[in-house]
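The next block holds one structure in the form of structure tokens; read it before the comments.
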Amino acid sequence: MADPRAVIALVIILFLVFAPDPPSQNYQQLARLEDVIQHEKAAIEILNSTFFSGFEPAQDKWLNLSGLTNETGFAWSYLDEFRTKSQQIANRSLGDKFSEKSIGQPVGYTLPFYHNVSGVVHGEWIRNDGSMSLQRPRVNISLYSPEGPFGEIPITGFARNLTGTSGKLRVRFSDDENAFATERRQDWNGRETDVARFVTASIELESTEGGTESWALQVHGVHFLETGQMLLSTTSDKFDGVYALPHFTWTPYFFRVAQRLIIRAVNKTISRQKDGSVRTFAPFTSNADGSAESSLTMPHCELIAFVQQQLVPMEESLRKSELSSILGKVEDELRFPTGADYFTPQPMRFAITAFSPDCGFAFESKGPPATFPSDANHLTGMKLEVEQLHARHHVLFYILVLAAQLWLLTRQMKEASTPSVRSRISSYTISMLALGDGFTTLSFAMISLFMPGLWVLLMATCFLAFLSVSFFGMRFLMEIWTVQAPERERRERERRAAVVLATANNPSVPASQPNTNSRTGPQTAAPTTPRRMIDAGSMPVIIPSDQDEPLDLEDDGPVLPITAPRAPTVQTTTERRFSFGALYTRFYFFLLATLFLSLNATSWPSTLSRAYFTSLAFLYLSFWVPQIYRNAYRNCRRALRWDFVVGQSLLRLSPFAYFWSYSWNVLSAESHFVDLMVLATWLWIQCLVLASQEILGPRWFVKSDWMPPAYDYHPILRVDEEGGNLPVGASEAEVGLGKAGGSHATTRSDGPRDDATKNDGVRVFDCAVCMQDIEVHVYGPDSGAEGGIAGAAGLLARRAYMMTPCRHIFHAKCLEGWMKYRLQCPICREDLPPM
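Shown next as structure tokens:
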């Protein structure tokens, strides 16, 4: 009989697959959409029936549109000053080239302007309320309180308000002549030419002085191609900004062009809403994410902005009649590359002034003539096509960086092919490097969703980073974790033995205290006195591998015979696997948590966001700190290749150098040279410490009691009354240490050599690995620090040889090469402590 749970699961799956699609919209949504369409039709009818100067609050002329009536209390008395400022900006930008156009006059592109302004510009803003500071708006805020489930929600102010005096400004333009409305007229030659386009812009404003505001909004309006001017406005339930936009213009000509363009844009939107291609209740919403407002949405400040494009700098050798045509060819070449060579596209530069009629604030971009161009030059940025071209080159360069990181990692993995070398490497260092690659993988995967033009390159970068973290980084980490498992188990046994000994020495502590382990659960009660186990004949003898250290047992305490064999091998293997599985889970959990927190941090205020990303970068670039600790703990001088250390340091620092030192980076991130220098200094300090550990010793900067005792493979060889610490086979009589100031024949460990004479104290021994001589300095009983023992020369001299605990001496390079494969003495096969 079939499992009923499987049948139920199959029924649910079939229902989800074959269930009919739900209706796209219910009747309530259709009714609301119909109301929105009727409002749009009524608004364009009002706009179509009005003329220039039909909205003049100073002359008591109002319109029957939301926000443009006498009862709203908006600060429309500032409108004339706004128009005056706009004309002043235009005159400063265009100079004597600007002339007012009249209706019916043929159009002509005589000024070098970009017609497609899609791209991102950024700069600084300053507050300039002007006459609005004397007469603030008188808005009844309670009229705009949202409706909640229990009635109206009381509010004390509007969102997107501005209280600061200066800050940062970023504007993203979206100008696609094929996607929406375009106004055409005949030029001097009788050809149809675009004179205006419908444009959308996203404004991100942040206060750095006098306030803590940080908000973003979306504005829609008209781009006048002949003069490079744009008039933009927000639109909401309390303000019909787009429908009233032509009444904010300066001359009848601009009014007529804007009126026809807005009517065409709204009619096209209505047709899209009817055929279902656009299903939104707010096609001209001011929300930055494009969402429509709901009944629970808090009211926000409206904004009207004027943007003036600055003249594009071109070579003076070009004739003025050809400026516009050549610039148009450059734009066509950027969008549809054919290989034609014109000139390098120049950055876009805009000046902006804006005011809020309901909240009573005004601001403008910071730049000439108020400030010097070197301090601030309004809003500057690149065209979208140029930005994508630069981003393509930068992504290709970063692919080479990832490939270099992967190549260095594979070389290091090949170098650490033996358990002896893997035991020296810190698993936390490899984990931090893998976390950086994993963060790159997820970041590029998310960015590729919003940049279809760079999707192939971004996914290639994502795949290469994923290959580095999954197939190489985590594999290397697993090998290191497996090799170091006995070491962790030994430390755990030592900890338990210390607890047992403390319990035995302290009678006040109960003898049977359960030892709880996070991985294995509660343990059995520990005895009150340490006991040493002996083999009673039935206990199997377990021989450790060549690379593992011998598992010593306690020698003190009563001896208990064991009649049953020990069999913890299966439990230990399961524990190791479970430990690495837990590490694997924690690794990806920490990676996802860091990614989500970083995405959230992008919306924080600039100071807090900068502090977060700088701290995150500081922690990430501390990946050599665990290796420094590992070297000092195990007393090993070199665990990683130097090309790996230096190469990874440079390559991992390069993304931060790109974003914090290159002003035209793809994310338009601000330059932070101080932070970059701090990160670079901190990273190279770690590299210098690693180098000093190899030269001066792994523990030169720590106290001896801070770390567990470790064997010194480079001891000072002495001769004293007890025989000293000379290698096996070399006695004081054979060595024949001479007196001070004398000379003697140099001897070998197997006897004297008459054909070699050296200075006093220099001795020659045999290296059993390379079968060559080793020249070492042996000090007498009365020798102190004077013979170079404590100096740099003596330190470097001792680095040339290594002596094992069994007192066999070898060349340092010979024994290091041997210990990469076997932790045994090449002569007597005694186990050697790790280096």
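In mature numbering (1 follows the signal peptide of the UniProt record, and there is no 0), the protein residues as written are -19 to -1, 1 to 816. Each residue gets a CB set at the ideal place from its N, CA and C atoms; glycine is no exception.
By how many angstroms is the C-alpha of Leu60 removed from the C-alpha of Asp41?
13 Å
With 16 as the cutoff for other CB atoms within 10 Å, does Lys310 come out buried or exposed?
exposed
Span of the beta strand (DSSP E), counted from its first residue to its last, around Thr361:
Leu360 to Lys364
Where Pro400 and His653 are concerned, what is the direct C-alpha to C-alpha distance, given to the nearest angstrom?
43 Å
Residues bridged to Met459 (per DSSP)
Met459 pairs with nothing; no bridge assigned.
Based on the DSSP secondary-structure assignment, which residues constitute the bridge partners of Ile790?
The bridge partners DSSP lists for Ile790 are Met784.
Could you name the residues of the same chain whose beta carbon sits closer than 6 Å to that of Cys443, not counting the 5 residues immediately before and after it, in chain order?
Cβ within range, chain order: Thr422, Phe425 and Ala426.
Would you check if there are 3 or more beta carbon pairs closer than 8 Å linking the stretch 40 to 55 to the stretch 257 to 276?
Cβ pair count under 8 Å is below three, so no.
Between the stretch 231 to 241 and the stretch 254 to 263, can you find at least three pairs of beta-carbon atoms closer than 8 Å?
no
Answer with buried or exposed for Val293, where buried requires no fewer than 16 other C-beta atoms within 10 angstroms of its C-beta.
So Val293 ends up on the buried side.
Measure the Cβ-Cβ separation of Gln674 and Asn612 and say whether it is below 8 Å.
yes
Output needed for Gln386: all residues of its chain with C-beta closer than 6 Å, excluding positions within five of it in sequence on either side, in chain order.
Excluding residues within five positions, the ones whose Cβ falls inside 6 Å are Leu632.
Could you tell me which residues DSSP pairs with Asn29 in its beta bridges?
Its beta-bridge partners do not exist; DSSP assigns none.
Cβ-Cβ distance between Phe625 and Leu389 below 8 Å
yes
In this structure, does DSSP put Trp799 in helix, strand or coil?
helix
Quick check: what's the CA-CA separation for Leu804 versus Cys617?
14 Å
Which runs of the alpha helix (DSSP H) fall wholly inside the stretch 416 to 484 and span at least 4 residues, in chain order?
436 to 448 and 455 to 464
For the beta strand (DSSP E) that contains residue 867, what are its first and last residues?
Outside the modelled stretch of the chain, which goes from -19 to 816, sits residue 867, for which no answer is possible.
Nearest residue (CA-CA) to Gly341, options Leu377, Phe139 and Thr250:
Restricting attention to Leu377, Phe139 and Thr250, the CA atom closest to the CA of Gly341 is found in Phe139.
Counting only runs of 3+ residues fully inside the stretch 113 to 147, write out the beta strand (DSSP E) ranges in chain order.
For the stretch 113 to 147, there is no continuous beta strand (DSSP E) assignment of 3+ residues that stays within its boundaries.
For Gly454 and Leu445, the rounded distance between their alpha carbons
Taking the straight line from one Cα to the other gives about 12 Å.
With respect to the beta strand (DSSP E) encompassing Ile755, which residues constitute its N-terminal and C-terminal limits?
Here the beta strand (DSSP E) through Ile755 covers Asp754 to His758.
Which of the three DSSP states is assigned to Met329 in this structure?
strand
Could you tell me which of Gln289, Phe420, Gly132 and Ala650 sits nearest to Glu345, measuring between CA atoms?
Gln289
In whole angstroms, give me the CA-to-CA distance for Leu11 and Asp256.
12 Å
With DSSP as the reference, please indicate the residues paired to Ser217 in a beta bridge.
Phe220
Taking C-alpha atoms, which residue in Met783, Trp623, Asn29 and Phe682 lies nearest to Pro227?
Asn29
Between the alpha carbons of Val247 and Glu21, how many angstroms are there, rounded?
7 Å
Below 8 Å, how does it come out for the stretch 272 to 289 and the stretch 210 to 224: are there three or more Cβ pairs, yes or no?
Yes, the stretch 272 to 289 is in contact with the stretch 210 to 224.
Reference Arg253; option with closest CA among Ala162, Ala182 and Ser275
Ala162
I'd like the list of long-range same chain contacts for Arg373, defined as Cβ closer than 8 Å, with 5 residues on each side in sequence excluded.
Excluding residues within five positions, the ones whose Cβ falls inside 8 Å are Leu435 and Leu438.
To which residues of the same chain is Thr146 closer than 6 Å at the C-beta, ignoring the five residues directly before and after it?
Arg108, Glu190 and Gly191
Which residues in the same chain have their Cβ closer than 6 Å to the Cβ of Leu(-6), if we skip the five residues on either side of it in sequence?
none
Lys576 and Phe324: beta carbons closer than 8 Å?
Per the sequence presented here, residue 576 reads as Leu, with Lys not at that position. In this structure, Phe324 does not lie closer than 8 Å to Leu576 by Cβ.
Over what stretch of residues does the beta strand (DSSP E) that includes Gln805 continue unbroken?
No beta strand (DSSP E) holds Gln805; DSSP gives it neither H nor E.
What are the boundary residues of the alpha helix (DSSP H) that Ala246 is part of?
Pro233 to Asp256
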